[in-house]
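Student: Below are the structure tokens for one structure; questions will follow.
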Amino acid sequence: MMRRYPIPPGTTNLNTSPLPSSHNGQPRRLLTPEPPHSFTVVTVKANSKFFERLPTEIRMRILRLAFGDRTVHVDLIFSYPILEDSKRHGGLRQLPYSKKDVEKDWTWRSSVCHRFPPSGIIDSRGPGYDPQPCDDECVYGWNGRNGFRPQCEHWPGEGPKKCSVGAMGWLLSCKQAYREGIHVLYATNTFHTASKAMILNMHDFFQQQRLNAITSVEIVWDFTPWILTEIDETYRAAPPLSDIETFRQFLKAIPNLFLNVKKLYISLQGDMIPKSYGQNSEHQYSTKERIELVQRHITWKVDEMVPRLKPHVDFSIAYPTSTYAVQRSLALRQGWTVKQRHETGEVERHWRPLAKCKPRTGYWVCLGDKDVRKKRARGIIGHQHMPARVSEKQYEVFFRS
0 MMRRYPIPPG TTNLNTSPLP SSHNGQPRRL LTPEPPHSFT VVTVKANSKF FERLPTEIRM
60 RILRLAFGDR TVHVDLIFSY PILEDSKRHG GLRQLPYSKK DVEKDWTWRS SVCHRFPPSG
120 IIDSRGPGYD PQPCDDECVY GWNGRNGFRP QCEHWPGEGP KKCSVGAMGW LLSCKQAYRE
180 GIHVLYATNT FHTASKAMIL NMHDFFQQQR LNAITSVEIV WDFTPWILTE IDETYRAAPP
240 LSDIETFRQF LKAIPNLFLN VKKLYISLQG DMIPKSYGQN SEHQYSTKER IELVQRHITW
300 KVDEMVPRLK PHVDFSIAYP TSTYAVQRSL ALRQGWTVKQ RHETGEVERH WRPLAKCKPR
360 TGYWVCLGDK DVRKKRARGI IGHQHMPARV SEKQYEVFFR S
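Take 0 as the starting number for the sequence shown in numbering that gives the first Met the number 0 and just add one per residue.
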């Protein structure tokens, strides 16, 4: 199931406005001291009974219950204006296609993630639903692409307001509230983003002090890496920042971006397998050649990035079915640990060992976007890695139901 995109890579889109800036090139002063001072210093002006009578540990627990310990969406999107819709996540709804005569512009979008219902609530979508970061589209107000709509109705609160993070009022109340609240906001939440423009220009939007406080990150990187010169231009279209060189820049930047991150999950998706049609040359890529191309330019590049992460980082990467199925097949042959969903009920994944990465021994490779239809699986993935009877239990997880 390959997608087509309207904008060739490397071509400047004259309709794209410059990225917004939060400080217009001016140095930004720090509003709070670096931890641990932010926890222990209480200003004279913070004379509320909340600060005077409650110990720091209790205050931190209250703030974490208020706007911590959850997944928070932060995205910078170049898109059409949104319509208000109280029935959708965050009150967001995309403009109908018939009304898209207005100009696009950069927009910040943020909300609490409602990909899952609250703990203890039975998922209304039925058993077997296990939406991964690649399935999450809360930022668009719904999750229609993969059928995983946000579970807002199960969360307490009223209307779209309950989808908001809800920290701003507290942060603006006084300096001490800001000091304690801003740390809880950054240090205890998982930040989820699919914005390539934001990730590649992170220091234009966030102080390093804030990035250093982040401990958990989910990144969805949607790209079209195989824009080969011998492919006819008709088939070479892709959105900006979707080429293989931008992906390499991304891998280079990540280890130095979140210096204190403890958990990092990256989901790669898009047209991961090179197309075997539309080539100007007579040579047609075989399935084996296409798989090797992915291995050399993507899988091995990830292997090279992992040793640059700090040893304590819990790192996982997700590949779409077209790539993961091959990787799992190889892992089973090599005798590596494979957690198959039909056996364990856990997230489908396998361990990928690395030799020169001490003290780290490897990392988890997970199943991400289900980008292949069952009928086309053998043709795209190859007979060697996909049997004739893909209806067998161990292969059901690869496809959308």
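Glycine included, every Cβ here is placed at the ideal spot set by N, Cα and C.
1) How would you call K392, buried or exposed, if buried means at least 16 neighbouring beta carbons within 10 angstroms?
2) Which residue or residues does DSSP assign as beta-bridge partners of E217?
3) Express the C-alpha separation of E51 and R3 in angstroms, rounding to a whole number.
4) Please go through the same chain and pick out, in chain order, the residues whose beta-carbon is closer than 7 Å to the beta-carbon of A324, but skip the five residues on each side of it.
5) Give the DSSP-derived three-state secondary structure of A317 in the structure shown.
6) Since W225 sits in a beta bridge, which residues does DSSP pair it with?
7) In this structure, how does DSSP classify F204 when only helix, strand and coil are distinguished?
8) My assumption, with CB atoms under 8 Å, is that L267 sits in contact with A212. Please give the rounded CB distance.
9) What span of residues does the alpha helix (DSSP H) with R178 cover, start to end?
10) Based on Cα-Cα distance, which residue from R295, G269, H296, L199 lies nearest to C371?
11) My understanding is that V364 touches V312, with C-beta atoms under 8 Å, so please give their C-beta distance in whole angstroms.
12) Alpha carbon to alpha carbon, how far is F49 from I57? Give it in angstroms, no decimals.
13) Taking the alpha carbon of A196 as the reference point, which residue from W220, R307, R332, Y177 has its own alpha carbon closest?
14) Assign H113 to buried or exposed, taking buried as 16 or more other Cβ atoms, counted over all protein chains shown, within 10 Å of its Cβ.
15) Sorted by chain position, which residues of the same chain lie with C-beta nearer than 8 Å to R209's C-beta, five sequence neighbours on each side aside?
16) Below 8 Å on the Cβ atoms is my guess for V71 versus H191; work out the distance and round it to an integer in Å.
17) In the DSSP output, what is I76 paired with across the bridge?
18) Determine the contact status of S194 and L331, defining contact as a CB-CB distance below 7 Å.
19) Between which two residues does the alpha helix (DSSP H) containing R247 stretch?
20) Using 8 Å as the threshold, is the region 237 to 244 in touch with the region 340 to 348, meaning 3 or more CB pairs across them?
Tutor: Taking the coordinates as given:
1) Within the sequence shown, the letter at position 393 stands for residue 392. Its Cβ having fewer than 16 others within 10 Å, K392 is exposed.
2) The residue you call residue 217 lines up with position 218 of the sequence shown. Per DSSP, H191, Y264.
3) Mapped onto the sequence shown, residue 3 falls at position 4. Mapped onto the sequence shown, residue 51 falls at position 52. Only weak support exists for where R3 lies, its pLDDT of 38 falling under 50; the value from the coordinates is given anyway. Annotation: R3 to E51 spans about 60 Å, alpha carbon to alpha carbon.
4) Taking the first residue of the sequence shown as 1, we reach residue 324 at position 325. For A324, same chain residues with a beta-carbon under 7 Å away, outside a window of 5 residues either side, are I380, H384, M385, F397 in chain order.
5) Stepping through the sequence shown from its first residue, residue 317 is reached at position 318. Of the three classes helix, strand and coil, the one that applies to A317 here is strand, per DSSP.
6) Taking the sequence shown and counting its residues from 1, the one referred to as residue 225 is at position 226. DSSP output for W225 lists no bridge partner at all.
7) The count along the sequence shown starts at 1 and reaches residue 204 at position 205. Coil, per DSSP.
8) Looking up residue 267 in the sequence shown gives position 268. Looking up residue 212 in the sequence shown gives position 213. Between A212 and L267 the Cβ distance is about 26 Å, and since that is not below 8 Å, they are no contact.
9) Start at 1 with the first residue of the sequence shown, and residue 178 comes out as number 179. Element bounds for R178: 174 to 186.
10) Position 372 of the sequence shown, counted from the start, is the residue given in the question as residue 371. For clarity, residue 371 is Val in the given sequence; the question names Cys instead. Looking at the Cα atoms, G269 is the closest of the given residues.
11) Residue 364 sits at position 365 when you count from the first residue of the sequence shown. Residue 312 sits at position 313 when you count from the first residue of the sequence shown. With a Cβ gap of about 15 Å, V364 and V312 do not count as contacting.
12) As a position in the sequence shown, residue 57 is number 58, starting the count at 1. As a position in the sequence shown, residue 49 is number 50, starting the count at 1. Spanning the two alpha carbons is a distance of roughly 10 Å.
13) Here residue 196 refers to the residue found at position 197 when the sequence shown is read from its first residue. Minimum Cα distance to A196 is reached at W220.
14) The sequence position of residue 113 within the sequence shown is 114, counting from 1. Here H113 is buried: its Cβ has 16 or more other Cβ atoms, across all protein chains shown, within 10 Å.
15) Translated into the one-based positions of the sequence shown, residue 209 becomes position 210. If the five residues before and after R209 are omitted, its C-beta is found closer than 8 Å to the C-beta atoms of I181, Y185, all from its own chain and listed in chain order.
16) Looking up residue 71 in the sequence shown gives position 72. Looking up residue 191 in the sequence shown gives position 192. Going by Cβ atoms, the distance from V71 to H191 rounds to 7 Å, so yes, they are a contact pair.
17) As a first step, residue 76 is located in the sequence shown; it is residue number 77 there, counting from the start. Bridge pairing for I76: T106 [DSSP].
18) What you label residue 194 is simply residue 195 of the sequence shown in a count that begins at 1. What you label residue 331 is simply residue 332 of the sequence shown in a count that begins at 1. Not in contact: S194 and L331 (Cβ atoms no closer than 7 Å).
19) On the sequence shown, position 248 is the one that residue 247 refers to. Element bounds for R247: 243 to 252.
20) With contact defined as three or more Cβ pairs closer than 8 Å, the region 237 to 244 and the region 340 to 348 are not in contact.
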